[in-house]
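Q: This is the structure, below, for whatever I ask next.
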Amino acid sequence: MRRTSLAVIIAFVLFMGSGVRFVTAEPGDDALQKERVDLQATLGAKREEATVTVAAKKEEVLQKIEDVVKESKDRYVKHLESLISHLSLIRTHVSERVYLTDEQKQEIYSEVDTLSSRLDEVKLMVEEAKSRDDVHVIKDTMSSLWQEARLVRNRAVGYILVGRYQEHVNKAEEVVVRIQNRIEAIQDEDVDVSGVTDALSAFSSELSIAKQSIARAKTTFETMSEGQEFETGIGLLAQSRDDLYIAGGLLKKAVESLITITQ
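Take the sequence shown: its position 138, counted from the start at 1, is 138 in full-length UniProt numbering, and no numbers get skipped.
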């Protein structure tokens with residue numbers, strides 16, 4: 001019995017001397033562990049919140065870009081439709097002008113139809129655009145087409161104005177023919193027609209100047225390739241208008257003289 005007790009005591013002493021210690025939990029360990037868990041949960045929630053915020057911001061930016069692209073597309077489509085409608089009106093306007101030649105009308109028709117076809121193609125490109133870059137590329141094309149549309153319009157307006165002025169010239173020349181026929185009819189009579197012939201001579205000189213200006217304006221409108229040339233043509237017509245006004249006064253004087261000598 002003593003040997004057993006002695007053996008137990010020796011074993012206990014050896015065990016204690018081996019450095020093994022019993023660890024007992026400190027009172028604050030549970031609180032520290034809980035704090036760590038709470039901190040990890042908080043950090044996880046923050047990361048999740050940040051991820052959601054970034055995604056929302058990204059979605060917001062993408063939506064703004066989409067809105068800008070849509071706004072640009074709608075604006076361009078509106079401009080294109082306006083141009084197409086304007087060209088259609090030009091075509092109709094030209095077709096109704098009886099004093100334009102068939103050649104002039106066909107020239108305008110051809111330009112209008114060609115440009116309208118191109119505008120339809122660009123309109124389709126705009127409608128199918130997916131990004132701002134796509135729309136930006138179309139912007140330069142839009143500017144070019146707008147300039148071409150202005151050129152077609154100016155040419156049509158120029159032709160119409162030239163036709164109108166030429167019509168005034170034609171009517172004046174018809175009056176001159178009737179006056180000359182009347183002079184021939186009374187030439188055997190003892191009447192002085194010098195007042196009539198002098199007025200007609202002055203009229204013819206002034207009308208010739210007006211016709212030259214009209215012809216130059218017509219050539220300008222036929223060959224113009226920019227807006228400045230249109231202004232040049234309009235200036236020539238303005239000059240011819242003044243010449244026609246003077247010529248009209250001389251023609252009126254010739255008519256009055258003829259009436260006086262035939263009464």
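Cβ coordinates follow ideal geometry from the N, Cα and C atoms, glycine included.
At what residues does the alpha helix (DSSP H) containing Glu157 begin and finish?
A: Counting from one through the sequence shown, the residue named residue 157 turns up at place 157. The sequence shown places Val at residue 157, not Glu. Segment Arg132 to Ala185, the alpha helix (DSSP H) holding Val157.
Q: Could you check the C-alpha separation between Glu229 and Val112 for me, to the nearest Å?
A: Position 229 of the sequence shown holds residue 229. Position 112 of the sequence shown holds residue 112. Their backbone Cα atoms lie some 20 angstroms apart in a straight line.
Q: Exposed or buried, what is Glu206 when buried is set at 16 or more other beta-carbons lying within 10 Å of its beta-carbon?
A: Along the sequence shown, read from residue 1 onward, the residue named residue 206 stands at position 206. Buried, because 16 or more other Cβ atoms sit within 10 Å of the Cβ of Glu206.
Q: Since residue 269 and Ile214 are thought to touch, with beta carbons under 8 angstroms apart, how far apart are those beta carbons, to the nearest angstrom?
A: Since the first residue of the chain shown is 1 and the last is 263, residue 269 is not available in this structure.
Q: Flag Asn181 as yes when its Cβ comes closer than 7 angstroms to any non-hydrogen atom of the ligand SAM, and as no otherwise.
A: As far as ligands go, the structure on display features none, and thus does not contain the ligand SAM.
Q: State the DSSP-derived secondary structure class of Arg216, mapped to helix, strand or coil.
A: Within the sequence shown, the letter at position 216 stands for residue 216. Helix, per DSSP.
Q: Could you give the distance in angstroms between the alpha-carbon of Tyr82 and the alpha-carbon of Asp242?
A: In the sequence shown, the residue the question calls residue 82 occupies position 82. In the sequence shown, the residue the question calls residue 242 occupies position 242. Rather than Tyr, the amino acid found at residue 82 in this sequence is Ser. Their backbone Cα atoms lie some 36 angstroms apart in a straight line.
Q: Going by other Cβ atoms of all chains shown within 10 Å of its Cβ, with 16 needed for buried, is Thr24 buried or exposed?
A: In the sequence shown, the residue the question calls residue 24 occupies position 24. Since pLDDT at Thr24 reaches only 48, below the 50 mark, its modelled position is unreliable, and no value is offered.
Q: By alpha-carbon positions, which one of His136, Leu87 and Leu115 ends up nearest to Lys70?
A: In the sequence shown, residue 70 corresponds to position 70, counting from 1. Per the Cα distances, His136.
Q: If you drop the 5 nearest sequence neighbours on each side, which residues of the same chain put their C-beta closer than 6 angstroms to that of Arg164?
A: As a first step, residue 164 must be located in the sequence shown, where it is residue number 164. None.
Q: In this structure, how does DSSP classify Val98 when only helix, strand and coil are distinguished?
A: Walking along the sequence shown from the start, residue 98 turns up at place 98. Of the three classes helix, strand and coil, the one that applies to Val98 here is coil, per DSSP.
Q: Can you give me the Cβ contacts of Thr232 inside the same chain, cut-off strictly under 7 angstroms, excluding the 5 residues immediately before and after it?
A: In the sequence shown, the residue the question calls residue 232 occupies position 232. Here the set comprises Thr220.
Q: Quick check: the Cα distance between Gln166 and Asp133, rounded to an integer number of angstroms?
A: Mapped onto the sequence shown, residue 166 falls at position 166. Mapped onto the sequence shown, residue 133 falls at position 133. Answer to the nearest angstrom: the Cα atoms are 50 angstroms apart.
Q: Going straight from the alpha carbon of Arg97 to that of Asp190, what length do you get?
A: Numbered from 1 along the sequence shown, position 97 holds the residue referred to as residue 97. Numbered from 1 along the sequence shown, position 190 holds the residue referred to as residue 190. Distance between the alpha carbons of Arg97 and Asp190 is about 46 angstroms.
Q: Would you kindly check if the distance between the Cβ of Val193 and the Cβ of Ile183 is under 8 angstroms?
A: Taking the sequence shown and counting its residues from 1, the one referred to as residue 183 is at position 183. Taking the sequence shown and counting its residues from 1, the one referred to as residue 193 is at position 193. Cβ distance < 8 angstroms, so Ile183 and Val193 count as in contact.
Q: Are there 16 or more other CB atoms within 10 angstroms of the CB of Asn154, so buried, or fewer, so exposed?
A: Within the sequence shown, the letter at position 154 stands for residue 154. Label assigned to Asn154: buried.
Q: What does the alpha-carbon distance come out to for the pair Leu145 and Ser110?
A: Here residue 145 is taken as the residue at index 145 of the sequence shown, counted from 1. Here residue 110 is taken as the residue at index 110 of the sequence shown, counted from 1. Their backbone Cα atoms lie some 15 angstroms apart in a straight line.
Q: Could you check if Val68 is buried or exposed, using at least 16 other CB atoms within 10 Å of its CB as the buried criterion?
A: As a first step, residue 68 is located in the sequence shown; it is residue number 68 there, counting from the start. Its Cβ having fewer than 16 others within 10 Å, Val68 is exposed.
Q: Reducing DSSP to helix, strand and coil, say where Thr197 ends up.
A: Start at 1 with the first residue of the sequence shown, and residue 197 comes out as number 197. Helix.
Q: In whole angstroms, what is the alpha-carbon distance linking Tyr159 and Lys57?
A: As a first step, residue 159 is located in the sequence shown; it is residue number 159 there, counting from the start. As a first step, residue 57 is located in the sequence shown; it is residue number 57 there, counting from the start. For Tyr159 and Lys57, the distance between alpha carbons rounds to 58 angstroms.
Q: Given this structure, state the Cα-to-Cα distance separating Glu222 from Glu174, to the nearest angstrom.
A: Residue mapping note: residue 222 aligns to position 222 of the sequence shown, counting from 1. Residue mapping note: residue 174 aligns to position 174 of the sequence shown, counting from 1. Distance between the alpha carbons of Glu222 and Glu174 is about 27 angstroms.
Q: Restricting to Cα atoms, I'd like to know which of Ile234, Leu161 and Lys253 is closest to Glu204.
A: In the sequence shown, the residue the question calls residue 204 occupies position 204. The residue you asked about is not Glu; residue 204 is Ser in the sequence shown. The candidate whose alpha carbon is nearest that of Ser204 is Lys253.
Q: With H, G and I counted as helix, E and B as strand and the rest as coil, what does DSSP make of Ser116?
A: Here residue 116 refers to the residue found at position 116 of the sequence shown. In the structure shown, Ser116 sits in a helix (DSSP, three-state: H, G or I).
Q: Between the alpha carbons of Thr42 and Lys34, how many angstroms are there, rounded?
A: In the sequence shown, residue 42 corresponds to position 42, counting from 1. In the sequence shown, residue 34 corresponds to position 34, counting from 1. Roughly 12 angstroms separates the two Cα atoms.
Q: Restricting to Cα atoms, I'd like to know which of Ser95, Lys73 and Val94 is closest to Val122.
A: Mapped onto the sequence shown, residue 122 falls at position 122. Ranking Ser95, Lys73 and Val94 by Cα distance to Val122 puts Lys73 first.
Q: Assuming Lys162 and Ala217 form a contact by the criterion Cβ under 8 angstroms, report the distance between their Cβ atoms to the nearest whole angstrom.
A: For the purposes of this step, residue 162 is identified with residue 162 of the sequence shown, where counting begins at 1. For the purposes of this step, residue 217 is identified with residue 217 of the sequence shown, where counting begins at 1. Note that residue 162 is Val in the sequence shown, not Lys. Right, the Cβ-Cβ distance comes to about 6 angstroms (below 8 angstroms), so this counts as a contact.
Q: Helix or strand or just coil, what does DSSP make of Asp243?
A: Taking the first residue of the sequence shown as position 1, residue 243 is located at position 243. Residue state, collapsed to three classes: helix.
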